[in-house]
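Asks: In my numbering, the protein residues as written are 3 to 453.
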Ligand code: SF4
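What follows is the structure, encoded as structure tokens:
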């Protein structure tokens, strides 16, 4: 039977040191009980305790990590079927395929796009995560040369090593060193050797069956042999089969606690179609429905960006509003005479307002006040965006050193606090901005500092 947070807390060292990246042991215990983090993340827990808590509290989909240090890529760790039940934990990894059969220019192009196609949204860096390196020629020298090229060309890429030659995988995995790659793939023909290699190297292993039933037979066997870090490829190479297998795997693991399917999945849109648009569509379906990793044939901004946004939306925590950091944001290169606007840190507000300012081409200072992700009126009603708090923020923001004038533009919806804010900030003129962000460009183009 699953342990409660309090039962788990009793077994923790209670140092409240935060080394598990959770501020207190109690919060850590609650997360362990909810299956959101593994007990092993606390470095002070004894092996005995790990053993007794680990099994009872592990997430139904095992958490798999590639790489080490601050470049770890994490997949799995999921605890629910639907995002609104709790949240999805680790975003689907997006991988690009390079092979020994590609020309040097094709490989270089993919590595270069892996590094350059990066976007910042809502304060989050959106990018592809992995490079899948496939051995098509069977030559160890050619394969390790390609692996070396990827390792040095994309130093933050998590690595998937794909070869049917165990010796080539072993040689390439050794080259990867601490970047602990994902080994692809153990099937019925090489399960024993690759299982041993994965154990020896401490690398996670993809288990590939010709269908879901065969995949289960393989994972059962590996589990019996003590191999725990697995990713599953059910062998599906049609959109329908890949979708069904992902759903069946997730449902079996979450609702039935069926251990042989309690692993993240890997899917290959690049092998399902050769049409780039269809590949993007298939990828979007598999991101929504439970793929742990998807492997794409190439990275192009028009295909990657929508997938990254879809992933961002699906994997954000629905119980926590999306926020941007409290700060002074420079838009269009402002100077000491540029307008100063203030608004809340609800990310949607920030992106709409900053987008309109950017579009106006008027250099501006946008001050974002932490309102715990609440929108302007809700934050004001909740006492988090009142005149006293805005005034306090303006004083400590450093904006007074950045501009010569003293005019602050507040959201039109906060017109009622103008008088109060003038009392709190006597040196400032308070101007009421438009109620709708769409009217900001015209407003800013007309704006001149109050005399
Ligand atoms: S690392 Fe361990 S002791 Fe420290 S806060 Fe986390 S659970 Fe507590």
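For glycine and all other residues, C-beta sits at the position ideal for the given N, C-alpha and C.
Between the segment 308–321 and the segment 121–139, are three or more C-beta pairs nearer than 8 Å?
Replies: Remark: three or more beta-carbon pairs, one from each stretch, lie closer than 8 Å, so the segment 308–321 and the segment 121–139 are flagged as touching.
Asks: Compute the Euclidean distance between the alpha carbons of residue 287 and residue 422, then round it to the nearest angstrom.
Replies: 51 Å
Asks: Closest to residue 264 by CA distance: which of 438, 110, 435, 57 is it?
Replies: 57
Asks: Can you say whether residue 153 is buried or exposed, counting buried as having 16 or more other CB atoms within 10 angstroms of its CB?
Replies: Here residue 153 is buried, its C-beta having at least 16 other C-beta atoms within 10 Å.
Asks: Would DSSP call residue 253 helix, strand or coil?
Replies: helix
Asks: Taking the runs of the beta strand (DSSP E) that are 3 residues or longer, which of them lie wholly in the segment 337–382?
Replies: Here the runs fully enclosed are 342–346, 366–371.
Asks: Would residue 366 and residue 348 be called neighbours here (beta carbons separated by less than 8 Å)?
Replies: no
Asks: Excluding the 5 residues flanking residue 155 on each side, which residues of the same chain have their C-beta closer than 6 Å to its C-beta?
Replies: 113
Asks: Roughly how far, in whole angstroms, is the beta-carbon of residue 43 from the beta-carbon of residue 22, given that I think they are within contact range, below 8 Å?
Replies: So it is a contact: roughly 5 Å between Cβ atoms.
Asks: Going straight from the alpha carbon of residue 415 to that of residue 379, what length do you get?
Replies: Approximately 7 Å between the Cα atoms of the pair.
Asks: Does any heavy atom of ligand 1 sit closer than 7 Å to the C-beta of residue 17?
Replies: yes
Asks: Does the beta-carbon of residue 14, which I'm using as the reference point, lie nearer than 7 Å to any heavy atom of ligand 1?
Replies: yes
Asks: Are residue 201 and residue 229 close, meaning C-beta to C-beta below 8 Å?
Replies: yes
Asks: Whole beta strand (DSSP E) runs in the segment 211–290 with 3 or more residues, listed along the chain?
Replies: Taking only runs of at least 3 residues, the beta strand (DSSP E) segments lying wholly in the segment 211–290 are 232–235.
Asks: Does any heavy atom of ligand 1 sit closer than 7 Å to the C-beta of residue 24?
Replies: yes
Asks: Which residues in the same chain as residue 168 place their Cβ atom closer than 8 Å to its Cβ, once the five residues preceding and following it in sequence are excluded?
Replies: If we look at residue 168 and ignore the five residues flanking it on each side, its Cβ neighbours are 192, 195, 196, 199.
Asks: How is residue 164 classed by DSSP in three states: helix, strand or coil?
Replies: strand
Asks: Comparing alpha-carbon positions, which option in 38, 151, 134, 275 lies nearest residue 89?
Replies: That would be 38, whose Cα lies nearest to the Cα of residue 89.
Asks: Going by beta-carbon coordinates alone, are residue 67 and residue 158 separated by less than 8 Å?
Replies: no
Asks: Would you list the residues sitting across from residue 96 in a DSSP beta bridge?
Replies: 296
Asks: Measuring CB to CB, does residue 76 end up less than 8 Å from residue 65?
Replies: yes
Asks: Could you check which residue in 139, 372, 406 has the C-alpha nearest to that of residue 394?
Replies: 372
Asks: Let me know the secondary structure DSSP gives residue 75 once reduced to three states.
Replies: Residue 75 carries a strand assignment under DSSP once its states are collapsed to helix, strand and coil.
Asks: In the DSSP assignment, the alpha helix (DSSP H) including residue 306 goes from what residue to what residue?
Replies: 303–317
Asks: Among 189, 28, 442, 94, which has the Cα closest to the Cα of residue 128?
Replies: 94
Asks: How would you label residue 84, buried or exposed, when you count the other beta carbons within 10 angstroms and need 16 or more for buried?
Replies: The Cβ neighbour count for residue 84, taken over all protein chains shown within 10 Å, is under 16; the residue is labelled exposed.
Asks: Measure the CB-CB distance between residue 183 and residue 214 and report whether it falls below 8 Å.
Replies: no
Asks: Compute the minimum distance between the beta carbon of residue 116 and the heavy atoms of ligand 1, and state whether it is under 7 Å.
Replies: no
Asks: Give the DSSP bridge partners of residue 334, in chain order.
Replies: Answer by DSSP bridge pairing: none, since residue 334 is not bridged.
Asks: Report back the beta-carbon spacing between residue 96 and residue 296 to the nearest angstrom; my notes put them in contact at under 8 Å.
Replies: 6 Å
Asks: Give me the residue from 283, 211, 92, 226 with the minimum Cα distance to residue 242.
Replies: 283
Asks: Where residue 106 and residue 98 are concerned, what is the direct C-alpha to C-alpha distance, given to the nearest angstrom?
Replies: 15 Å
Asks: Could you check what DSSP says for residue 186 in three-state terms: helix, strand or coil?
Replies: strand
Asks: By how many angstroms is the C-alpha of residue 130 removed from the C-alpha of residue 119?
Replies: 8 Å
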